[in-house]
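So that you can map any letter, position 133 of the sequence shown is 139 in the numbering used here, and since no number is skipped, the others follow by simple counting.
Structure record follows, encoded as structure tokens.
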Amino acid sequence: MAVKIKLTRLGKIRNPQYRIAIADARNRRDGRSIEVIGRYHPKEEPSLIEIDSERAQYWLSVGAQPTEPVLKLLKITGDWQKFKGLPGAEGTLEVKEARPSKVIAFEAAVKAAGEAPKTKPKPKLVVEEPAAVDVVTAEVAAADETVAEAVAEEAAAEMVAADEAAVEAIEQAADEAAAEAAEEQA
């Protein structure tokens, strides 16, 4: 029986994936196979080529003939050179870099966040201007007569009564600033 090492096609339209199979030469491409020794996914970057080297060497030694595409794959993996005793048995297969684990990346981020200096921002001084006080009193005067607004008006009245000294100081400072500006213009 003539035995061939050939590709059997799997996958979808425009996304071929192949099995590297040992089959009788008279069987059709995707027909019955004796053994599957690897797989080939040409659309991945770099192409995925997995061949069981031990089984490939066995089948080559008992006389199985590889098809042209399989021969190219065997040369890439270095199995053909090993079988023929040629130099370059390590092959030219490119291996895709392993993606870093999400768990490891998360742990690294947590560690980096834990090492970051913990400083508190300094509180900023808030200075009320007379215009802001006028806006608050205008809003309170325009409010409707409801219970919630009455409470708000009482709170605003208490605040205004308590801060009259502060408002007078701000008004004096504003008058002084206006006087200085008038002197500078003259």
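Here a beta-carbon is modelled for each residue, glycine too, at the ideal position from N, C-alpha and C.
{"Check": "Which first and last residues belong to the beta strand (DSSP E) in which residue 35 is found?", "Outcome": "It is not in any beta strand (DSSP E) - residue 35 carries neither H nor E in the DSSP assignment."}
{"Check": "Would you mind sorting residue 4 into buried or exposed? The rule is 16 or more other CB atoms within 10 Å of its CB.", "Outcome": "Missing from the structure shown is residue 4; the chain here goes from 7 to 192 and no further."}
{"Check": "If you draw a straight line from the alpha carbon of residue 101 to that of residue 81, how long is it in whole angstroms?", "Outcome": "15 Å"}
{"Check": "Can you give me the C-alpha to C-alpha distance between residue 27 and residue 40, rounded to a whole angstrom?", "Outcome": "7 Å"}
{"Check": "Could you check if residue 57 belongs to the surroundings of the ligand ATP, using beta carbon to heavy atom distance under 7 Å?", "Outcome": "No copy of the ligand ATP appears in this structure; indeed no ligand is present at all."}
{"Check": "For residue 9, which residues from the same chain have a beta carbon less than 8 Å from its beta carbon, with the 5 sequence-adjacent residues on both sides left out?", "Outcome": "28, 29, 30, 31, 40, 65, 68, 69, 70, 71"}
{"Check": "With a cut-off of 8 Å, do at least 3 Cβ pairs link the segment 42–61 to the segment 106–119?", "Outcome": "no"}
{"Check": "Quick check for students: name the residue ranges of the alpha helix (DSSP H) that lie wholly in the segment 27–89, counting only runs of 4 or more.", "Outcome": "59–67, 74–83"}
{"Check": "Return the bridge partner residues of residue 105 from the DSSP annotation.", "Outcome": "DSSP lists no partner for residue 105."}
{"Check": "What did DSSP end up calling residue 17 once you bin it into helix, strand or coil?", "Outcome": "strand"}
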